[in-house]
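Inspection log for the structure reproduced underneath, given as structure tokens.
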Amino acid sequence: MSDEQQRGGDSEEASQGEDQRGVHDRWTQGPDVSTKAQESPLPGGQDDDAEILRERQRLAQLEMMDRWIGGVLTEQRRTRRWKLFFRLMLLALVLVSLTVTLYRVFLAEPSAAVPAQQHLALVEVHGVITNDSPANAERIIQGLNRAWESQSASAVVLHIDSPGGSPVQSQRIYSEVMRLREQGDKPIIAVIEDIGASGAYYIAAAADEIVASPASLVGSIGVIYAGFGFQEAIDELGVERRVMTAGENKAFLDPFQPLDEEVARFWQSVLTQTHEQFINDVQAGRGDRLSDSPEIFSGLIWSGEQALGLGLVDELASLEQVARAQVGEASWENYTPRLDPFERLTRRFTQAAAEVLGLHSSHAPIKFQAQ
């Protein structure tokens, strides 16, 4: 081989080596690669990817927590709504039950649907007989007329448990019972429970028959007026009484003035005349069944057993026994009109206050009342 050929071969090999080095520099030392490597080194890129991943995980956890808290709150609100609903339903049921009970107890008229079978028609005379008490003439007379008009009522029963009361109220009821009794369509029976005295016995005397228990208190046919005298008390207290009247006797029962003898005689005449009215009506109602004992009209009160011997009652029996004798079973219907609940509460409060203060709630100064 010549020297020129050898030099040509060496040049060609050098040229290929340079080409090879040039290719290697473009991939490893080129300007683009170097710039990118300087701007974004490999370790820094890996840190950024890890940080982004952690941030995404944290956001996902927060979102999951928000969803869980939202679900819990929604469930709590739903639970509260159901609790409130059931509480309102329970309150509504209680209110409805209470309303129905109060209506039946206080407002519903008894015997609205009269039974077809035979029964006793009951009219209650309970408590003190006054115009502002449950045992007032208007209420009892209304019950009497309803009971009397009932076609299935075999008898009208005055169910009495009263110490008496106002002469006027007692006379009104007595007159109505006598009017119905004279028609003779059905018997009127007075059944006395614990007590049937004074004005209450006045009413019972109008019935066709009076029934009492052996231990019942019966009688007290008399009239009473009770008051106080405070004239010495106000003198000791230094109180001056100022009363102006038109009519010299207008204030004749003033408790702060001494009772004059002439005034006492006059007032006694009023009581005596009222007592005579009582006696005459009892005799008209009882007739020959009364004994001749003068003590009957003395104001004394007897047991049912004693009253039977005096002719004040006709039989010793209970309400159940009377019902069995009349209709064959212990069955009756109450025809007494119901009281308004608020009026009933007011009356009870007034009566309780009067008893505590030692006062009488009746406005009538004269009473057919056992003491």
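Just remember that the numbering used here sits 849 ahead of the position in the sequence shown, which is counted from 1. Glycine is no exception: its CB is placed at the ideal position from the N, C-alpha and C atoms. Small disclaimer: the values here were computed from a predicted structure and weren't measured.
Which of the three DSSP states is assigned to Asp1057 in this structure?
Taking the first residue of the sequence shown as 1, we reach residue 1057 at position 208. Three-state result, Asp1057: coil.
My assumption, with CB atoms under 8 Å, is that Ile978 sits in contact with Ser1024. Please give the rounded CB distance.
Numbered from its first residue, the sequence shown carries residue 978 at position 129. Numbered from its first residue, the sequence shown carries residue 1024 at position 175. Not quite, the Cβ-Cβ distance comes to about 14 Å (not below 8 Å), so this is no contact.
Neighbourhood of Gly976 by C-beta distance below 7 Å, restricted to the same chain and skipping five residues each side
Start at 1 with the first residue of the sequence shown, and residue 976 comes out as number 127. Contacts found: Ser982, Pro983, Ala984, Ser1011.
So, is Asp1130 buried or exposed, given that buried needs 16 or more other C-beta atoms within 10 angstroms?
For the purposes of this step, residue 1130 is taken as the residue at position 281 of the sequence shown. So Asp1130 counts as buried.
Helix, strand or coil: how does DSSP classify Glu1072 here?
Walking along the sequence shown from the start, residue 1072 turns up at place 223. Position check: residue 1072 holds Val in this sequence, whereas Glu was assumed. In the structure shown, Val1072 sits in coil (DSSP, three-state: anything other than H, G, I, E or B).
For Asp1084, the first and last residue of its enclosing alpha helix (DSSP H):
Within the sequence shown, the letter at position 235 stands for residue 1084. From DSSP, the alpha helix (DSSP H) with Asp1084 extends over 1080-1086.
Any contact between the segment 1089-1097 and the segment 1133-1144? By contact I mean 3 or more CB pairs, one from each, below 8 Å.
no
Local conformation of Ala1133 per DSSP, three classes
Position 284 of the sequence shown, counted from the start, is the residue given in the question as residue 1133. The answer is helix: DSSP assigns Ala1133 an H, G or I state.
Would Val921 be called buried (16 or more neighbouring beta carbons within 10 Å of its own) or exposed?
Taking the sequence shown and counting its residues from 1, the one referred to as residue 921 is at position 72. Label assigned to Val921: exposed.
Contact set for Ser883: own chain, Cβ-Cβ below 8 Å, skip 5 residues either direction:
By 1-based counting over the sequence shown, the position of residue 883 is 34. Residue confidence for Ser883 is low, a pLDDT of 45 falling below 50, so the modelled location carries little weight; the figure read from the coordinates is stated next. Here the set comprises nothing.
Cβ of Leu969 within 8 Å of Cβ of Ser1003?
The sequence position of residue 969 within the sequence shown is 120, counting from 1. The sequence position of residue 1003 within the sequence shown is 154, counting from 1. Against a cut-off of 8 Å, the Cβ pair of Ser1003 and Leu969 comes out as a contact.
Unbroken beta strand (DSSP E) run spanning Gly976, endpoints:
The sequence position of residue 976 within the sequence shown is 127, counting from 1. It is not in any beta strand (DSSP E) - Gly976 carries neither H nor E in the DSSP assignment.
Boundaries (first-last residue) of the beta strand (DSSP E) holding Glu1182
As a working mapping, residue 1182 is identified with position 333 in the sequence shown. Glu1182 -> beta strand (DSSP E) spans 1181-1183.
Ordered along the chain, which non-local residues of its own chain (more than five positions away) have a Cβ less than 8 Å from that of Phe1101?
The sequence position of residue 1101 within the sequence shown is 252, counting from 1. Excluding positions up to five away in sequence, the list reads Asp1109, Val1112, Phe1115, Trp1116.
Simplified DSSP state of Asp898, which is helix, strand or coil:
For the purposes of this step, residue 898 is taken as the residue at position 49 of the sequence shown. Asp898 falls in the helix class under three-state DSSP.
Excluding sequence positions up to five away, which residues of its chain have a Cβ less than 7 Å from the Cβ of Glu1154?
For the purposes of this step, residue 1154 is taken as the residue at position 305 of the sequence shown. Cβ within range, chain order: Pro1063, Leu1165.
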